[in-house]
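A.B. asks: At position 103 of the sequence shown the residue is numbered 898 (the working numbering), and the sequence of numbers has no breaks. One structure is given below, represented as structure tokens, and several questions about it will come after.
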Amino acid sequence: METREGSSTSGGWFRLFTALEEFAAKDADRRTDGYLFLNSLNFQIGTSLVYLFIVLYAGPRFMANRKPFKLEATIRIYNVFQILSCANIIYQVSTECKGYVHIKYLV
Numbered sequence: 796m797e798t799r800e801g802s803s804t805s806g807g808w809f810r811l812f813t814a815l816e817e818f819a820a821k822d823a824d825r826r827t828d829g830y831l832f833l834n835s836l837n838f839q840i841g842t843s844l845v846y847l848f849i850v851l852y853a854g855p856r857f858m859a860n861r862k863p864f865k866l867e868a869t870i871r872i873y874n875v876f877q878i879l880s881c882a883n884i885i886y887q888v889s890t891e892c893k894g895y896v897h898i899k900y901l902v
């Protein structure tokens, strides 16, 4: 399908994607230049598309004729872990910031 100026529709998508990459690179944090998966938008967009495919298409079809998983025990263990982790973080912040921040609201 041809559009004006003789370019194809896929060329429009390429220009849009290139413009998005330039916009993201303009204010990017230069300390992350060497990090894996952070150099371009390809990985982030690809991961998002795979996630949407699994959640909206593959997951519901996979679970269509199956019983739901029983996750009560797993969720309880996860919740206890989260509570302990948050308590640890609050303790560490309160002990490190005693002289700098008023922490009377944390206790």
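No residue lacks a Cβ here, since even glycine has one placed at the ideal position from N, Cα and C.
Using a Cβ distance threshold of 8 Å, determine whether the segment 846 to 853 contacts the segment 809 to 825, with at least three qualifying pairs required.
C.D. replies: These segments do not touch.
A.B. asks: For the alpha helix (DSSP H) that contains Val-875, what are its first and last residues?
C.D. replies: Unbroken alpha helix (DSSP H) run through Val-875: 867 to 891.
A.B. asks: Just to confirm before moving on: does the CB-CB distance between Leu-815 and Leu-836 stay below 9 Å?
C.D. replies: Yes, the pair counts as a contact, with Cβ atoms nearer than the cut-off.
A.B. asks: Assuming the contact rule is C-beta atoms closer than 8 Å, Arg-827 and Leu-833 should be a hit. Round their C-beta distance to whole Å, please.
C.D. replies: It is Thr, not Arg, that sits at residue 827 in the sequence shown. Right, the Cβ-Cβ distance comes to about 5 Å (below 8 Å), so this counts as a contact.
A.B. asks: Quick check: what's the CA-CA separation for Val-850 versus Arg-856?
C.D. replies: Cα-Cα distance, rounded: 10 Å.
A.B. asks: Which runs of the alpha helix (DSSP H) spanning at least 4 residues fall entirely within the segment 799 to 840, listed in chain order?
C.D. replies: Fully enclosed alpha helix (DSSP H) runs of 4 or longer: 804 to 821.
A.B. asks: Can you name the start and end residues of the alpha helix (DSSP H) that Pro-855 belongs to?
C.D. replies: Looking at the DSSP string, the run of the alpha helix (DSSP H) that includes Pro-855 is 854 to 857.
A.B. asks: Tell me whether Phe-864 sits in a helix, a strand or coil according to DSSP, three-state version.
C.D. replies: Reduced to three states, the DSSP call for Phe-864 is coil.
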